[in-house]
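Asks: The structure is given below, and queries will be raised subsequently.
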Ligand SMILES: [Zn+2]
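Residue numbers (this note's numbering): 2 to 316.
Structure below.
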């Protein structure tokens, strides 16, 4: 079976040139995919706009309306870091809906796994507010969609963006049906993500944070994968795996201080494919989050994509 790719040129319409989270992030990735002739091995999955009801599975109606009206007025900032422009509301719906289209394609068996190259990113977005460059929480909306629309019971989200995914953690904090696992630099933005944050109520034990000091490298991550994450994930037995795939842990990234190379992201992907093959027929939907060095980012995405594509053929 194949690997799907989700992309749409409208993802470039949410843009602010002086901001690190700008449209060039996607154009440089797409240029690299063309150059490496990798697109011919991928199944193109067209995105759609998420419905308001789908966004409301995670976000408060008041907040959704606030973003809509702000964009109708031409755009503005949701917080100091998070801009919107006139088309950002529609682009954010298309970003979330792109991930939903990927989930649908994977669940229907049209592809085994898929990479959603969407913007704006999502994992910092909370139910009632956007923050940290994120408007709607694409991965969280996708997890809810897999459960509510397709009847899946257990969703594993692995978040290796270098920032803690506070939004995703909050959405599922009391929910044992979604196991959220985050690797992130600490101390760093947004300040959440300690090991003590394990979930609450029924959800206790289904939120796992791995804060790592600046300068951590691939082996530090692999130790956690092998000792803790893989056993826990196999025991949880997910029916689909979502990756919040941020590549800002790359050593050349301007917004963080980690020591990862593109080969490390390939390794993390291989291990995630192993988990998915052992539990859910290899079903993975990977969602682009951060990654701000325009030379390193395409290399990381290519390495990630090659592992999604090739890993299963090795066995
Ligand atoms: Zn990030």
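Where is the CB? At the ideal position from N, CA and C, for every residue including glycine.
Owing to the predicted nature of the structure, the values given are computational and were not obtained by experimental measurement.
Compute the distance between the beta-carbons of residue 158 and residue 245, then report whether it is under 8 angstroms.
Replies: The answer is yes: Cβ separation under 8 angstroms.
Asks: Under the assumption that residue 50 contacts residue 91 (Cβ atoms under 8 angstroms), give the Cβ distance between them as a whole number of angstroms.
Replies: Right, the Cβ-Cβ distance comes to about 7 angstroms (below 8 angstroms), so this counts as a contact.
Asks: Taking the beta strand (DSSP E) that residue 85 belongs to, which residues open and close that run?
Replies: Its beta strand (DSSP E) spans residues 83 to 86.
Asks: Output the boundary residues of the alpha helix (DSSP H) element that contains residue 70.
Replies: Counting along the chain, the alpha helix (DSSP H) containing residue 70 begins and ends at 62 to 73.
Asks: Okay, do the region 254 to 269 and the region 300 to 310 touch, 3+ Cβ pairs below 8 angstroms being the bar?
Replies: Yes, the region 254 to 269 is in contact with the region 300 to 310.
Asks: Measuring CA to CA, which of 113, 14 and 93 is closest to residue 1?
Replies: Shown here, the chain extends from 2 to 316; a query on residue 1 therefore has no answer.
Asks: For the putative contact between residue 302 and residue 7, defined by C-beta atoms under 8 angstroms, what is the C-beta separation to the nearest angstrom?
Replies: The pair is not a contact, with the Cβ atoms about 13 angstroms apart (cut-off 8 angstroms).
Asks: Taking one C-beta from the region 100 to 107 and one from the region 68 to 87 each time, how about it: are there three or more such pairs within less than 8 angstroms?
Replies: Taking 8 angstroms as the limit for Cβ pairs, the verdict is that the region 68 to 87 does not touch the region 100 to 107.
Asks: Let me know if residue 2 comes out buried or exposed under the rule of 16 or more other beta-carbons within 10 Å of its beta-carbon.
Replies: So residue 2 ends up on the exposed side.
Asks: State yes or no: is the C-beta of residue 285 nearer than 7 angstroms to some heavy atom of ligand 1?
Replies: Not under cutoff, so the answer is no.
Asks: Whose C-alpha, out of 150, 96, 235 and 166, is nearest the C-alpha of residue 139?
Replies: Of 150, 96, 235 and 166, the residue nearest in Cα terms is 96.
Asks: Would you kindly check if the distance between the Cβ of residue 122 and the Cβ of residue 22 is under 8 angstroms?
Replies: For residue 22 and residue 122, yes; Cβs fall inside 8 angstroms.
Asks: What three-state label does DSSP hand residue 241 in the structure shown?
Replies: Residue 241: strand per DSSP, three-state reduction.
Asks: Ligand 1 heavy atoms versus the CB of residue 162: any closer than 7 angstroms?
Replies: The answer is yes for residue 162.
Asks: Beta-carbon within less than 6 angstroms of residue 287's beta-carbon, same chain only, minus the 5 sequence neighbours each way: which residues are those?
Replies: Excluding residues within five positions, the ones whose Cβ falls inside 6 angstroms are 116, 244 and 246.
Asks: When the Cβ atoms of the region 187 to 199 are set against those of the region 230 to 244, are three or more pairs found closer than 8 angstroms?
Replies: Short answer: they don't touch.
Asks: Would you list, in sequence order, the uninterrupted alpha helix (DSSP H) runs of no fewer than 4 residues that lie entirely inside the region 155 to 194?
Replies: For the region 155 to 194, whole alpha helix (DSSP H) runs of length 4 or above, ordered along the chain, are 167 to 172.
Asks: Going by DSSP in three states, residue 305 sits in which element: helix, strand or coil?
Replies: Helix.
Asks: Can the beta-carbon of residue 141 be found closer than 8 angstroms to that of residue 168?
Replies: Yes.
Asks: Looking at residue 172: is its Cβ nearer than 8 angstroms to the Cβ of residue 209?
Replies: No, Cβ-Cβ distance for residue 172 and residue 209 is not below 8 angstroms.
Asks: Thinking just about the alpha-carbon of each residue, which of 304, 289 and 279 is nearest to the one in residue 135?
Replies: Of the candidates 304, 289 and 279, the one whose C-alpha sits nearest the C-alpha of residue 135 is 289.
Asks: Does any CB atom of chain B fall closer than 8 angstroms to the CB of residue 133?
Replies: In the structure shown, chain B does not exist; there is a single protein chain.
Asks: Note down, in chain order, each residue of its chain lying with its Cβ closer than 6 angstroms to the Cβ of residue 80, except the 5 sequence neighbours on either side.
Replies: So the qualifying residues of the chain are 132.
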